[in-house]
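Everything below concerns the one structure shown next.
Number of protein chains: 2
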Amino acid sequence: MNKPKNLMPNFFVMNPIGYIRKTGDKVIIEILSDYQDALLGLEGFSHIIVFSWFHVNDTAEKRKTLRVHPRGNRTNPLTGVFATRSPVRPNPIAISTCKILSIKKNKIQIDRIDSFDNTPVIDIKPLLHSEEPGHEFRVPDWIKKK
Amino acid sequence: MNKPKNLMPNFFVMNPIGYIRKTGDKVIIEILSDYQDALLGLEGFSHIIVFSWFHVNDTAEKRKTLRVHPRGNRTNPLTGVFATRSPVRPNPIAISTCKILSIKKNKIQIDRIDSFDNTPVIDIKPLLHSEEPGHEFRVPDWIKKK
Numbered sequence: 048m049n050k051p052k053n054l055m056p057n058f059f060v061m062n063p064i065g066y067i068r069k070t071g072d073k074v075i076i077e078i079l080s081d082y083q084d085a086l087l088g089l090e091g092f093s094h095i096i097v098f099s100w101f102h103v104n105d106t107a108e109k110r111k112t113l114r115v116h117p118r119g120n121r122t123n124p125l126t127g128v129f130a131t132r133s134p135v136r137p138n139p140i141a142i143s144t145c146k147i148l149s150i151k152k153n154k155i156q157i158d159r160i161d162s163f164d165n166t167p168v169i170d171i172k173p174l175l176h177s178e179e180p181g182h183e184f185r186v187p188d189w190i191k192k193k
Numbered sequence: 048m049n050k051p052k053n054l055m056p057n058f059f060v061m062n063p064i065g066y067i068r069k070t071g072d073k074v075i076i077e078i079l080s081d082y083q084d085a086l087l088g089l090e091g092f093s094h095i096i097v098f099s100w101f102h103v104n105d106t107a108e109k110r111k112t113l114r115v116h117p118r119g120n121r122t123n124p125l126t127g128v129f130a131t132r133s134p135v136r137p138n139p140i141a142i143s144t145c146k147i148l149s150i151k152k153n154k155i156q157i158d159r160i161d162s163f164d165n166t167p168v169i170d171i172k173p174l175l176h177s178e179e180p181g182h183e184f185r186v187p188d189w190i191k192k193k
């Protein structure tokens, strides 16, 4: 295929903006102090989308694996990784929708996340529309303006 | 804050897996041929989440900008970028939920995407739950198994 005519890098670099910390049942996203200012106004939202890096799957071999049996179950059909949520994929990005329990300084306490302790977090975005109408859902007024 | 005790890199590298191509009203995700095998089974889903890179905002200055007036409207309150969908953010990742119109070889035609022509795509994940009940929504049988 043709590459874009403009100059386009063939890689992009991301830096962790924080880490998942798990202590018993408590789950905290600890934001690095350099990025704490980026949390202003987050308390107006009930839910966030947490972007993290499947760091334990960030190996050259796993990043080359293009087909898997979903959920590690060989009775599931061999499936391209872009048709699964497998942690094994070319760019091992994870997303999780989480409920905010509290925000104190650089620490966001969330209800739960399916990630290991110390997983690097690369971005946080607010959830703008309820995916499951019926659960407690809240956005700030500026979102509602047309 | 304490860094994790295990060795943890302070950056992660991503490679484009394809590019957005816009021709008139037609929107195609052109997957690089190296990654075409990762599309197997994607036709079983009605919708995908497209992860792309806000490449025009990938500058050192914009990546250091932690607060913005949402939607570029100065009447909106100054807000931390993690509480907005602003393209200006430490790691300029974008996500869009798109409807699949067709998949032919390495080309996925989608309904629409709010991205520039030639935007690099870094990941594709299937949409597992309908965010807007009522729109046409479909997943393969292996998803429905408990």
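Just so you know, the protein sequences line up as chains A and B, in that order. Convert by adding 47 to the 1-based position in the first sequence; the result is the number in the numbering used here. Convert by adding 47 to the 1-based position in the second sequence; the result is the number in the numbering used here. No residue lacks a Cβ here, since even glycine has one placed at the ideal position from N, Cα and C.
Would you please verify whether the beta carbon of B/L148 is less than 7 Å from any beta carbon of chain A?
-> Here the question's residue 148 of chain B lines up with position 101 in the second sequence. For B/L148, not one C-beta of chain A is nearer than 7 Å to its own C-beta.
Would you give the residue range spanned by the beta strand (DSSP E) that A/E108 belongs to?
-> Your numbering for residue 108 of chain A matches position 61 in the first sequence. Judged by DSSP secondary structure, A/E108 falls outside any beta strand (DSSP E) and instead within the alpha helix (DSSP H) spanning 107-111.
Could you say which of B/L175, B/L174, B/N153 lies nearest to B/I76 if we only look at CA atoms?
-> Looking up residue 76 of chain B in the second sequence gives position 29. Sorting B/L175, B/L174, B/N153 by C-alpha distance to the C-alpha of B/I76 places B/N153 at the top.
Since A/W100 sits in a beta bridge, which residues does DSSP pair it with?
-> Stepping through the first sequence from its first residue, residue 100 of chain A is reached at position 53. Answer is A/I140, bridged to A/W100.
Could you tell me whether the Cβ of A/K109 comes closer than 7 Å to any Cβ of chain B?
-> As a working note, residue 109 of chain A is residue 62 in the first sequence. No - not a single Cβ of chain B is within 7 Å of the one on A/K109.
Should A/I169 be listed as close to the ligand SAM, given that the test is whether its C-beta is under 6 Å from any heavy atom?
-> With respect to small molecules bound, the structure shown includes none, and the ligand SAM cannot be examined in it.
Are any of the Cβ atoms in chain A nearer than 7 Å to that of B/F101?
-> Along the second sequence, read from residue 1 onward, the residue named residue 101 of chain B stands at position 54. For B/F101, no Cβ of chain A is located within less than 7 Å of the residue's own Cβ.
Indicate whether at least one CB of chain A lies closer than 7 Å to the CB of B/F163.
-> As a position in the second sequence, residue 163 of chain B is number 116, starting the count at 1. Taking Cβ atoms only, chain A never reaches closer than 7 Å to B/F163, which makes this a no.
Where the beta strand (DSSP E) through A/K172 begins and ends | As a working mapping, residue 172 of chain A is identified with position 125 in the first sequence. Unbroken beta strand (DSSP E) run through A/K172: 167-173.
Interface partners of A/K151 on chain B, CB under 8 Å = As a working mapping, residue 151 of chain A is identified with position 104 in the first sequence. Ordered by position in chain B, no residue passes the 8 Å Cβ test against A/K151, which lies about 13 Å from the chain.
Can at least three beta-carbon pairs, one atom from the stretch 162-174 of chain B and one from the stretch 121-141 of chain A, be found at a separation below 8 Å?
-> Judged by pairs of C-beta atoms under 8 Å, the stretch 162-174 of chain B touches the stretch 121-141 of chain A, as three or more such pairs exist.
Using a Cβ cut-off of 8 Å, pull out every chain A residue sitting near B/D84, in sequence order please.
-> For this step, residue 84 of chain B is matched to residue 37 along the second sequence. Near B/D84 (Cβ distances below 8 Å), the residues of chain A are L113, R114, G127.
Would a check of beta-carbon distances place B/G88 closer than 7 Å to chain A?
-> Sequence index remark: in the second sequence, residue 88 of chain B carries index 41 (1-based). Yes, contact with chain A.
Cβ neighbour criterion (16 or more within 10 Å) applied to A/S162 | In the first sequence, counting from the first residue as 1, residue 162 of chain A sits at position 115. Looking at its Cβ environment, which holds 16 or more other Cβ atoms inside 10 Å, A/S162 is buried.
Could you spell out the range, first to last residue, of the beta strand (DSSP E) harbouring A/G65?
-> Here residue 65 of chain A refers to the residue found at position 18 when the first sequence is read from its first residue. It spans 65-70 - the beta strand (DSSP E) in which A/G65 sits, taken as one unbroken run.
Would you give the residue range spanned by the beta strand (DSSP E) that B/F18 belongs to?
-> Given a span of 48 to 193 for chain B in the structure shown, any question on residue 18 of chain B remains unanswerable.
Check whether the Cβ atoms of A/S143 and A/I155 lie closer than 7 Å to each other.
-> Within the first sequence, the letter at position 96 stands for residue 143 of chain A. Within the first sequence, the letter at position 108 stands for residue 155 of chain A. Against a cut-off of 7 Å, the Cβ pair of A/I155 and A/S143 comes out as no contact.
When burial is assigned at 16 or more other CB atoms within 10 Å of the CB, is B/P117 buried or exposed?
-> Here residue 117 of chain B refers to the residue found at position 70 when the second sequence is read from its first residue. The Cβ neighbour count for B/P117, taken over all protein chains shown within 10 Å, is at least 16; the residue is labelled buried.
Name, please, each residue of chain B whose Cβ falls closer than 7 Å to the Cβ of A/V69.
-> Position 22 of the first sequence, counted from the start, is the residue given in the question as residue 69 of chain A. The question names Val, but residue 69 of chain A in the sequence shown is Lys. Contact of A/K69 with chain B by beta-carbon distance below 7 Å is absent, the smallest such distance being about 12 Å.
Is the Cβ-Cβ distance between A/W100 and B/N123 less than 7 Å?
-> One-based indexing of the first sequence puts residue 100 of chain A at position 53. One-based indexing of the second sequence puts residue 123 of chain B at position 76. The Cβ atoms of A/W100 and B/N123 lie no closer than 7 Å to each other.
Under three-state DSSP, which class holds A/V135?
-> Counted from its first residue, the first sequence places residue 135 of chain A at position 88. Correct three-state label for A/V135: coil.
Pick helix, strand or coil for A/G127, following the three-state DSSP scheme.
-> Within the first sequence, residue 127 of chain A is the residue found at index 80, counting from 1. Three-state DSSP puts A/G127 in a strand.
According to the neighbour-count rule (16 or more other Cβ atoms, all chains shown, within 10 Å of its Cβ), is B/P180 buried or exposed?
-> Indexing the second sequence from 1 puts residue 180 of chain B at position 133. For B/P180, the pLDDT reaches just 43, beneath the cut-off of 50, and the residue's location in the model is therefore unreliable, although a value from the coordinates is still provided. B/P180 should be labelled exposed.
Cβ distance (whole Å) where A/N138 is taken to contact B/I95 below 8 Å | As a first step, residue 138 of chain A is located in the first sequence; it is residue number 91 there, counting from the start. As a first step, residue 95 of chain B is located in the second sequence; it is residue number 48 there, counting from the start. In this structure A/N138 is not in contact with B/I95, their Cβ atoms being roughly 15 Å apart against a cut-off of 8 Å.
Between A/R159 and chain B, is there a C-beta pair that is closer than 7 Å?
-> For the purposes of this step, residue 159 of chain A is taken as residue 112 along the first sequence, with counting starting at 1. For A/R159, the nearest beta carbon of chain B is not closer than 7 Å to its own beta carbon.
Quick one: grab the DSSP three-state call for A/L86.
-> The residue you call residue 86 of chain A lines up with position 39 of the first sequence. Of the three classes helix, strand and coil, the one that applies to A/L86 here is helix, per DSSP.
Give a yes or no on whether the C-beta atoms belonging to A/P134 and A/N165 are separated by under 7 Å.
-> Counting from one through the first sequence, the residue named residue 134 of chain A turns up at place 87. Counting from one through the first sequence, the residue named residue 165 of chain A turns up at place 118. No, the Cβ-Cβ distance between A/P134 and A/N165 is not below 7 Å.
Among B/L148, B/D158, B/D81, B/V186, nearest to A/F112 - alpha-carbon criterion = What you label residue 112 of chain A is simply residue 65 of the first sequence in a count that begins at 1. A quick correction: the sequence has Thr, not Phe, at residue 112 of chain A. For A/T112, the nearest C-alpha among the options comes from B/D81.
Excluding five sequence neighbours on each side, which residues of the same chain lie with their C-beta closer than 6 Å to the C-beta of A/R110?
-> Along the first sequence, read from residue 1 onward, the residue named residue 110 of chain A stands at position 63. Excluding positions up to five away in sequence, the list reads P137.
How many angstroms separate the CA atom of B/I140 from the CA atom of B/V60?
-> Along the second sequence, one-based indexing puts residue 140 of chain B at 93. Along the second sequence, one-based indexing puts residue 60 of chain B at 13. Spanning the two alpha carbons is a distance of roughly 13 Å.
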